[in-house]
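If you're matching them up, the sequences are chains A and B in order. Take the first sequence: its position 27, counted from the start at 1, is 27 in our numbering, and no numbers get skipped. Take the second sequence: its position 92, counted from the start at 1, is 92 in our numbering, and no numbers get skipped. Backbone N, C-alpha and C fix where the C-beta goes; we use that ideal spot for every residue, glycine too. Quantities reported herein were computed from a predicted structural model and do not represent experimental measurements. Everything below concerns the one structure shown next.
Protein chains: 2
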Amino acid sequence: MSFTTLASLPPKEIFGGAVRGHYAHLERITIGEVALQANTTIPLHQHPHEQVTYVIAGRFQFTFGAETKVLEPGMAALIPGGVMHGGTTLTACRVIDLFSPVREDYR
Amino acid sequence: MSFTTLASLPPKEIFGGAVRGHYAHLERITIGEVALQANTTIPLHQHPHEQVTYVIAGRFQFTFGAETKVLEPGMAALIPGGVMHGGTTLTACRVIDLFSPVREDYR
Numbered sequence: 001m002s003f004t005t006l007a008s009l010p011p012k013e014i015f016g017g018a019v020r021g022h023y024a025h026l027e028r029i030t031i032g033e034v035a036l037q038a039n040t041t042i043p044l045h046q047h048p049h050e051q052v053t054y055v056i057a058g059r060f061q062f063t064f065g066a067e068t069k070v071l072e073p074g075m076a077a078l079i080p081g082g083v084m085h086g087g088t089t090l091t092a093c094r095v096i097d098l099f100s101p102v103r104e105d106y107r
Numbered sequence: 001m002s003f004t005t006l007a008s009l010p011p012k013e014i015f016g017g018a019v020r021g022h023y024a025h026l027e028r029i030t031i032g033e034v035a036l037q038a039n040t041t042i043p044l045h046q047h048p049h050e051q052v053t054y055v056i057a058g059r060f061q062f063t064f065g066a067e068t069k070v071l072e073p074g075m076a077a078l079i080p081g082g083v084m085h086g087g088t089t090l091t092a093c094r095v096i097d098l099f100s101p102v103r104e105d106y107r
């Protein structure tokens, strides 16, 4: 895969189907495009992978560590590995999720 | 840094000032938001870091390896380390550039 339209990739259901993401992988990076309906809650969770969540559209009340903030378009959460994070969408959202190392569980 | 508005970060001039990007870093990931004027050319170049370029807005004629494609919003180029790449914006563009390992030269 060299060029791709992320949203055209087969969806992966995560968080028990509450979220459907479209993921692509290099050797070190996983990138996902995720569309979330309003009032979707991602429960607090953690993983060893670093994560960046970048909001393209919508308003996403996001928590990680001891901080909670409403992310708007152009804002990002920079989440070290092993830190608890989660949130609730205040509107429909479209976000980019990045991980390193690769999320082998999202292939 | 935990939450950030990427475009509010101090800009880094790259490619001799043709491009100004706003970059943030974790231990494994660099994420940058880059605004490009129409008809900006990024010369073909390479680096050992993997890169993903994701187009948020605009049309970006992008080449890597032997392939050239016009990227539109929602499209991404997935570029392994060491592969030549570059392109020309057909309109003003806003893109996300991701790298792993971290671009120490973009700090």
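Where B/V102 is concerned, there is no enclosing beta strand (DSSP E), because DSSP gives it neither an H nor an E. Per DSSP, reduced to three states, the secondary structure at A/A7 is helical. Not flagged as an interface residue toward chain B: A/V34, since no C-beta distance is shorter than 9 Å.
In this structure, A/T41 sits away from A/A66, with a CB-CB distance that is not shorter than 9 Å. Residues of chain B whose Cβ lies closer than 8 Å to the Cβ of A/K12 do not exist, since the nearest Cβ in that chain is about 16 Å away. Closest in C-alpha terms to A/N39, from the list A/S100, A/P101, A/M75, A/G86, comes A/G86. Interface with chain A (9 Å Cβ-Cβ cutoff): B/M75 is included. When DSSP states are grouped into helix, strand and coil, B/F15 belongs to the helix group. Segment contact: the stretch 2 to 10 of chain B against the stretch 87 to 98 of chain A, fewer than three CB-CB distances shorter than 8 Å; contact not assigned.
Rounded to whole angstroms, the separation of the alpha carbons of A/G74 and A/Y54 is 7 Å.
Our two residues, B/I96 and A/G58, have alpha carbons roughly 17 Å apart in a direct line. Burial state of A/L36 is buried, judged by a 10 Å Cβ sphere holding 16 or more other Cβ atoms.
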